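For the sequence shown, numbering that gives the first Met the number 0 gives the first residue as 0, with consecutive numbering after it.
Where a beta carbon is used, it is the ideal one built from N, C-alpha and C, also for glycine.
Remember, predicted model here, so these are calculated numbers, not experimental data.
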Amino acid sequence: MGKTFKRPEALSENHTHYCPGCTHGVIHRLIAEVIDELGIRGRMVGIAPVGCAVLAYNYFTFDFQEAAHGRAPAMATGIKRVRPDLMVFTYQGDGDLASIGMGEIIHAANRGEKFTTIFVNNTVYGMTGGQMAPTTMPGQRTTTSPFGRNVEDCGMPIRMAELLSSLATPAYITRQTVIKPKYIVKTKKAIKQAFAYQMERKCFSFVEVVSTCPTNWGMTPVEAVKWTEETLLSYYKLGEYKKPE
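Right, here's the structure in full:
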């Protein structure tokens, strides 16, 4: 009897270190499935961030590099310019990309660098202790905003998909989520489209994925999914924000 569901070749057999209810594992699998389907594993290079996915290279079976905090777009730019035949993607969280790496991602997108960014937005610094991130919601409690984010002091959460889509440079920019199967299907299509544009050397591509962080949110996995759908998705609206055509 043949298998109808199996581990993608681009995904390793290592056990995950992610917390229960975290969706990094789902996103990893989608990336691996797309890479297998496109037949590009042999020329794929990933850039790991500083954050929860710092060990991402343990979960894939292709080349990975480790960048300094926030500098993944700079490393991806160098690799892609020297070896344009390679497929390159950065995998970054909201602290890595939208805080210390804000300048890097904006200028890479504005230059139209031909790599892909997978941006995992869970509205909090996950690995380093649950501090407030640039994407933390108004009133959301974190270890550095124990009474909730005060927008008068800290401003409103930054919406990266909208920010990057305002640049004049052609790009593919979308925001999706993986909290339920109906969303997972759309996220996989978005990742596949982003890689397809890169294969055509057409444009910079950016896939934001709204994720959960039950541990740092102080919620159960079920509660985290409910809060994401009811609260986060009303502010971080899903959809395609920019296409190169």
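Cut-off 8 Å between Cβ atoms - residues of its own chain near residue i, not counting five sequence neighbours on either side
i, result
"tyrosine 234", "Met136, Pro156, Arg158"
"alanine 47", "Val53, Leu54, Ala55, Tyr56, Phe63, Gln64, Glu65, Ala66, Ala71, Tyr90"
"glycine 41", "Phe61"
"valine 33", "Lys187, Ile190, Lys191, Phe194"
Helix, strand or coil at residue i [DSSP, three-state]
i, result
"aspartate 93", "helix"
"asparagine 109", "helix"
"isoleucine 178", "coil"
"valine 221", "helix"
"valine 184", "helix"
"leucine 85", "coil"
"asparagine 120", "strand"
"arginine 6", "coil"
"proline 145", "coil"
Whole-angstrom C-beta distance between residue j and residue i, which should lie under 8 Å
i, j, result
"threonine 186", "glutamine 175", "4 Å"
"leucine 163", "alanine 108", "5 Å"
"phenylalanine 203", "alanine 170", "5 Å"
"phenylalanine 183", "threonine 211", "Going by the sequence as given, residue 183 is isoleucine instead of phenylalanine. Isoleucine 183 to threonine 211, Cβ: 13 Å. No contact."
Beta-bridge partners of residue i, as assigned by DSSP
i, result
"alanine 170", "Phe203"
"lysine 241", "Ile172"
"glutamine 130", "Glutamine 130 is not bridged to any residue."
"serine 233", "BP columns for serine 233 are empty, so no partner."
"aspartate 62", "Val44"
"proline 156", "According to DSSP, proline 156 bridges with nothing at all."
"threonine 115", "Phe88, Ser204"
"proline 137", "Arg148"
"valine 209", "Asn120, Thr176"
Distance cut-off 6 Å: residue i Cβ against heavy atoms of the ligand GTP
i, result
"threonine 15", "Absence of the ligand GTP is noted for the structure shown, with no ligands found whatsoever."
Proximal residues to residue i (C-beta, below 7 Å), its chain only, five neighbours per side dropped
i, result
"glutamate 239", "Thr173"
"alanine 31", "Pro7, Ala9, Leu10, Phe59"
"glycine 94", "Gly50, Tyr124, Ala132"
When the options are compared against residue i, the one with the closest alpha-carbon
i, options, result
"alanine 67", "Thr142, Gly77, Cys51, Gly100", "Gly100"
"tyrosine 90", "Phe61, Thr116, Lys225", "Thr116"
"valine 123", "Ser11, Val209, Gly24, Arg82", "Val209"
"glycine 129", "Lys201, Lys241, Gly92, Tyr182", "Gly92"
"valine 49", "Gly154, Asp35, Val119", "Val119"
"methionine 218", "Lys188, Met43, Ala9, Pro19", "Pro19"
"glycine 69", "Gly41, Lys179, Ile104, Thr60", "Ile104"
"glycine 77", "Ala97, Tyr58, Phe61, Glu112", "Glu112"
"proline 133", "Met126, Arg148, Gly125, Ser98", "Ser98"
"phenylalanine 114", "Met126, Lys79, Gly138", "Lys79"
"valine 81", "Val44, Gly102, Thr141", "Val44"
Own chain, CB closer than 6 Å to residue i, minus 5 neighbours either side, in chain order
i, result
"threonine 214", "Cys18"
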